[in-house]
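Undergrad: Sending over a structure as structure tokens; questions will come in a sec.
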Amino acid sequence: MMTFLKSKNAILLFFLIALIVIFAALSGGGTLRPSNIINILQSITIVSLLTIGAGTLMIAGEIDLSLGGIGTMSSFVAALLLKQGVPWFAALVAAVAVGAFIGLINGFLVNELGFQSFIATLATASITTGAGYIFTSGLAVTIEDPTFRFIGNKLLFGYIPFSVLIAIIALIVYAMLLNKTKFGRSVYLVGGNRVAARLGGLKPKKVLYGLFINAGALAALAGTLLASKLLVANTVGITSSQFAGLTAAILGGISFGGGTGGMGGAIIGIMVLSCFNNGMTMVNIPPYWQTVASGALLLAAITLDFVTTSRRNKSEVKA
Amino acid sequence: MKNRLEFSNITKAFPGIVALSEVSFCADSGHITALLGENGAGKSTLLKILSGDIKADSGEVLLDGEAQNFKVPSDALRGGISVIYQERQMVASLSVMENIFAGELPHNKFGVINYKKLRKEAQELIDLFELPLDARMTVGRLSVAQQQMVEIMRAYRRNSDVIAFDEPTASLADTEITILFRLIKELARQGKIVIYVSHRMAEIFQITDKIIVLKDGKKVADFQTGETDEPTLVKAMVGREIGDTFNKLSRCTERGDTVLEVKNLTTKKVTDISLTLRSGEIVGLAGLVGAGRTELARAIFGADKVESGEIVIEGRSTRYKNPSGALACGVALCPEDRKEEGLVLSRSIRQNITVSVLSRIRKFIFLDNAKEKKLSDIAVEKYDIKTPSTGKLVGELSGGNQQKVILGRATNELMATKVLILDEPTKGIDVGSKAEIYQIICDFAKSGMGVIVISSELPEVLNISDTIYVMANGKITGVLSREEASEEHVLELAMAGQ
Ligand SMILES: Nc1ncnc2c1ncn2[C@@H]1O[C@H](COP(=O)(O)OP(=O)(O)OP(=O)(O)O)[C@@H](O)[C@H]1O
Ligand SMILES: [Mg+2]
């Protein structure tokens, strides 16, 4: 099984390299230009934060569809507070707190009221997106705060976006959390068999609260980062990445069944997705066709997940 | 009607293990052929090959001399072969009748299901099996034993020429077993080819005609049932003699203080239960299926809500609301249903063994892999779990070996257990290992724990327990010492509430 998982990551890695080569060839080297690599790195930041939140929940056997909505709403909170003259740090903390709070609500709906996470988060997704529109009457809010500008756009050594550091640190921290700590282990056990995890002395509800709150906070951070990059909080921004986190997680081998996958695969998934989306823009594929192609990629990822999960289940179920 | 099923030179390897090697034998129509062997000997694997669920690396399955080439289980079903797997395969959210007729629901030409017909036919089957069930009940709400019977009904209804049972009685009680055996014999009388796997030797002698013994994936012997005896079979199967398991047990004779006192405990499922357990003592819970033994265990373990009454541990009244709290107070449970409640099949042996002690294998905030590995090596050694490595996924182990993993988890060295509750600890475990597990249980008592054992195998409860509480309808109907307890006496008390 281990070797099999490894080989699944290997297939992905191979696919990633193929993508890079093909798009580089098609764009006449355009995708490899520094300015474009910077672009890719910046998009990786946003997708990474969403993937960590969505992916850890999927490992625990739940799904969160509200991350785009949370991101949108939180970025408005930050932008509006900045407009009121609130210092940058307080605005950022407030935005993340709002995200965490929505996550808490998701957790409550799932844990205490017994809603399926798919349904609970579908509802909070539309509430948060709607709330974003209402706050701003659908208008974009510009960001002028210098620190936000710095966080979103500063290039270190002229090449490395500052924000990508945040993503790299987050990926490393969460990889360690999942693989090496009791909490991470609980996530896998709860995802693999919730009843057994509880009878084994773990607290599945606590784990789920933690994960929903975490996903909400990270989505808020992602939304705020995106706004600080674009220098404007608007309703289009992060909603377009709505499913990016899920897609990257699935591409990276985190399955809907729960209990399997990890950050290693997810990182490759994130890169595949980011290179794919960027490459399509660089070779001038019309936006509508890009949407279709992204859908096809998601479909391919889910098919791969389905085929491998059902194979796994088959060997598990019967003894 | 087919006359002969033949396995010819079947070989199958999994990573790190040869599950079957050149296995050949025949099973004839009208006969019940037993497959016997230790945990991990390859019995279930052979049946999965028969059902087309997995493919042999080499060798053939022949029906009346014709090689069969099943690619998926539905091919085998159409070819007249039904296999009832060791683990239940039902859709818990659907009704009994839908599960029984899964895949072949009666419908009209528009595909609309004829529920009236469905219900009538399902109910007839249920009555034939003498079960107190309504065809419309949701399967998830049935007991493990009832679910197992539903599974059997589904295969029975298909009326296949070949029907194979993989440890069907592991979770059944005597009454259900009696009915099942009557029906299995009836199948043989109708000229079907029946294959029967079980670790219970008495059953093998009771219903089979012929016995094939597997050891480490090889066929090592075959017998006509009438011409052999239990010691011979056990020797062929285990490779040594085990003698009288119960008489040679080295029991704990010292009694310490009371470790557990249950006072007038009432939950939704059990009423007014009082019980005392002393350090070094083994208490057995006997009763019919549905008597409330598992529910009592769950209540003591904090898994079900307690409505009234008190649980006192080492003299201190406790009020935990979940298993995590119970574990902290030194109460451990090995649950009855390993697949649903015990194990995380998609994780490794190692990760399953340490579920309850994660906080104790930490270095700073990180889990200590070396410690985890060492703990699981100890469990593998102690319970003789057959596996190439502790990194193997539990779902890939044989049924009996999975059971050993759950025992290993519940009796982990680091747990500081005072009250150990074992619900059907030897379910699916082979005769050789069973003897060892009985001794391990006595050793736990010797080490000062109080142990509660639940088993639907009456001889097991009667022989390893020092005190026996008999339950019926969620109440305790009698308390006996081992010397007083006889099967008749216990059964009488178990029927008391009826
Ligand atoms: N899907 C699988 N992947 C890897 N190994 C497997 C798989 N299925 C079975 N095995 C291995 O094959 C061997 C035989 O297993 P099998 O389930 O046939 O044993 P069994 O005789 O039915 O034992 P039991 O009495 O415990 O049910 C075991 O060592 C098991 O670990
Ligand atoms: Mg088996």
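Those protein sequence lines, which keep their order, are chains A and B. The working numbering puts the first sequence at residues 114 to 432. The working numbering puts the second sequence at residues 5 to 502. Heads up, the beta-carbon is just placed ideally off N, CA and C, and yes, glycines get one too.
(1) If you drop the 5 nearest sequence neighbours on each side, which residues of the same chain put their C-beta closer than 6 Å to that of B:Gly284?
(2) Just mark A:Trp402 as buried or exposed, buried being the case when its beta carbon has 16 or more other beta carbons within 10 Å.
(3) Measuring alpha carbon to alpha carbon, tell me which residue in B:Asn268, B:Ser33 and B:Leu51 is nearest B:Leu40.
(4) In whole angstroms, what separates the C-alpha of B:Ala500 from that of B:Ala476?
(5) Within the 9 Å Cβ cut-off, does B:Phe305 reach chain A?
(6) Listed from N- to C-terminal order along the chain, which residues in the segment 308-336 of chain A have their beta-carbon within a distance smaller than 9 Å of any beta-carbon of chain B?
(7) So B:Gln355 contacts chain A; which residues on that side make the cut at Cβ distance below 8 Å?
(8) Going along chain B in order, which residues have a C-beta closer than 7 Å to the C-beta of A:Thr373?
(9) For a minimum of 4 consecutive residues, which ranges assigned as the alpha helix (DSSP H) are wholly contained in the segment 55-124 of chain B?
(10) Tell me whether B:Thr226 sits in a helix, a strand or coil according to DSSP, three-state version.
(11) Closest to B:Val348 by CA distance: which of B:Glu440, B:Val359 and B:Val483 is it?
(12) Classify B:Glu463: buried if its beta carbon has 16 or more other beta carbons within 10 angstroms, exposed otherwise.
(13) Could you give the first and the last residue of the continuous beta strand (DSSP E) run that contains B:Leu146?
(14) I need the DSSP call for B:Tyr200, collapsed to helix, strand or coil.
(15) What does a CB cutoff of less than 7 Å around B:Pro235 pick up in its chain, not counting 5 residues either side in sequence?
(16) Can you give me the C-alpha to C-alpha distance between A:Met115 and A:Ser341, rounded to a whole angstrom?
(17) Using a strict less-than 5 Å threshold between each residue's beta carbon and the heavy atoms of ligand 1, what residues do you get?
(18) Would you say A:Gly382 lies against chain B (beta-carbon separation less than 9 Å)?
(19) Is B:Asp170 near ligand 2, with its Cβ less than 8 Å from a heavy atom?
(20) Under 9 Å, Cβ to Cβ, is there at least one residue of chain A near B:Ala344?
(21) Any heavy atom of ligand 2 inside 8 Å of the beta-carbon of B:Gly432?
(22) If we count the other Cβ atoms within 10 Å of its Cβ and call it buried at 16 or more, is B:Met5 buried or exposed?
(23) Could you tell me whether any Cβ in chain B is nearer than 9 Å to the Cβ of A:Asn122?
(24) Just to check, is the beta-carbon of B:Val27 closer than 8 Å to a non-hydrogen atom of ligand 2?
(25) In chain order, which alpha helix (DSSP H) runs of at least 4 residues are fully inside the segment 231-256 of chain A?
(26) Could you give the C-beta distance for A:Gly358 and A:Gly366, rounded to a whole number, given that I count them as a contact under 8 Å?
(27) Give the residues of chain A in contact with B:Leu347, contact being defined as C-beta atoms less than 8 Å apart.
(28) Sorry if obvious, but does the Cβ on B:Gln152 come closer than 8 Å to a heavy atom of ligand 2?
(29) Kindly provide the ranges of any beta strand (DSSP E) runs that are 3 or more residues long and lie completely inside the segment 297-370 of chain B, ordered along the chain.
(30) Hey, could you find the ends of the alpha helix (DSSP H) A:Asn390 is sitting in?
(31) Residues in the same chain with beta-carbon distance under 7 Å from B:Asp276, minus the five sequence neighbours each way, listed in chain order, please.
(32) Among residues of its own chain, excluding the 5 on either side of B:Ala414, which ones have a beta-carbon nearer than 7 Å to its beta-carbon?
(33) Relative to chain B, which residues along the segment 148-175 of chain A have a C-beta separation below 9 Å, given in chain order?
(34) Below 7 Å on C-beta distance, what does B:Ser360 contact in chain A?
(35) With a 10 Å radius around its C-beta and 16 neighbouring C-beta atoms as the bar for buried, classify A:Pro317 as buried or exposed.
(36) Ignore the nearest five residues each way along the sequence and tell me which others in B:Thr262's own chain have a CB closer than 6 Å to its CB.
TA: The short version:
(1) Short of 6 Å from the beta carbon of B:Gly284, and not among the five residues preceding or following it, lie these beta carbons of its own chain, in chain order: Cys256, Glu258, Arg259, Gly260 and Ala449.
(2) By the 10 Å Cβ count, A:Trp402 comes out exposed.
(3) A check of alpha carbon separations from B:Leu40 across B:Asn268, B:Ser33 and B:Leu51 identifies B:Leu51 as the nearest.
(4) The alpha-carbon of B:Ala500 is positioned some 7 Å away from that of B:Ala476.
(5) In terms of beta-carbon proximity, B:Phe305 lines the interface with chain A, with at least one pair separated by less than 9 Å.
(6) Per Cβ criterion, the list reads Val308, Ala309, Ala310, Arg311, Leu312, Gly313, Gly314, Leu315 and Lys316.
(7) Arg298, Tyr301 and Leu302, listed in chain order.
(8) Result: Ser350.
(9) Within the segment 55-124 of chain B, the complete alpha helix (DSSP H) runs of at least 4 residues are 77-82 and 100-104.
(10) This sequence places Asp at residue 226 of chain B; Thr is not what is there. Taken through DSSP and simplified to helix, strand or coil, B:Asp226 comes out as strand.
(11) Of B:Glu440, B:Val359 and B:Val483, the residue nearest in Cα terms is B:Val359.
(12) Residue identity differs from the one stated: residue 463 of chain B is Pro in this sequence, not Glu. Label assigned to B:Pro463: exposed.
(13) Under the DSSP assignment, B:Leu146 falls outside any beta strand (DSSP E); it carries neither an H nor an E label.
(14) Correct three-state label for B:Tyr200: strand.
(15) Within the same chain, B:Pro235 has close Cβ partners Glu245.
(16) Low per-residue confidence applies at A:Met115: pLDDT is 49, beneath 50, and the placement is therefore not dependable, though the value from the model is reported in the following sentence. A straight-line Cα-Cα distance of about 41 Å links A:Met115 and A:Ser341.
(17) Neighbourhood of ligand 1, defined by CB distance below 5 Å to any of its heavy atoms: A:Ser428, B:Phe18, B:Ile21, B:Ala23, B:Asn43, B:Gly44, B:Ala45, B:Gly46, B:Lys47, B:Ser48, B:Thr49, B:Glu400, B:Leu401, B:Ser402, B:Gly403 and B:Gly404, in chain order.
(18) Not closer than 9 Å to any Cβ of chain B, the Cβ of A:Gly382 fails to qualify, so no.
(19) Within the cutoff, so yes.
(20) Per the sequence shown, residue 344 of chain B should be read as Glu rather than Ala. True, the Cβ-Cβ gap to chain A drops below 9 Å.
(21) It does: the Cβ of B:Gly432 is within 8 Å (strictly closer) of some heavy atom of ligand 2.
(22) Looking at its Cβ environment, which holds fewer than 16 other Cβ atoms inside 10 Å, B:Met5 is exposed.
(23) Judged by the 9 Å Cβ criterion, A:Asn122 is not in contact with chain B.
(24) Closer than 8 Å to some heavy atom of ligand 2: that does not describe the Cβ of B:Val27.
(25) Considered as a whole, the segment 231-256 of chain A harbours no complete run of any alpha helix (DSSP H) with no fewer than 4 residues.
(26) Not a contact, Cβ separation roughly 15 Å.
(27) Against B:Leu347, the close residues of chain A are Asn306 and Ala309, in the order they occur along the chain (beta-carbon pairs closer than 8 Å).
(28) False, no ligand heavy atom lies under 8 Å from that Cβ.
(29) The segment 297-370 of chain B is shown to contain whole beta strand (DSSP E) runs of 3 or more residues at 312-317, 320-322 and 335-338, in chain order.
(30) Counting along the chain, the alpha helix (DSSP H) containing A:Asn390 begins and ends at Met376 to Met395.
(31) Take B:Asp276, set aside five residues on each side of it, and the residues of its chain with a beta-carbon closer than 7 Å to its own are Asn268, Thr270 and Lys479, in chain order.
(32) Correct list, in chain order: Ala336, Leu337 and Cys338.
(33) Residues passing the 9 Å Cβ filter: none.
(34) Within 7 Å Cβ-Cβ: Gly313 and Gly314.
(35) Here A:Pro317 is buried. Its C-beta has 16 or more other C-beta atoms within 10 Å.
(36) Same-chain partners within the cutoff: Thr280 and Arg282.
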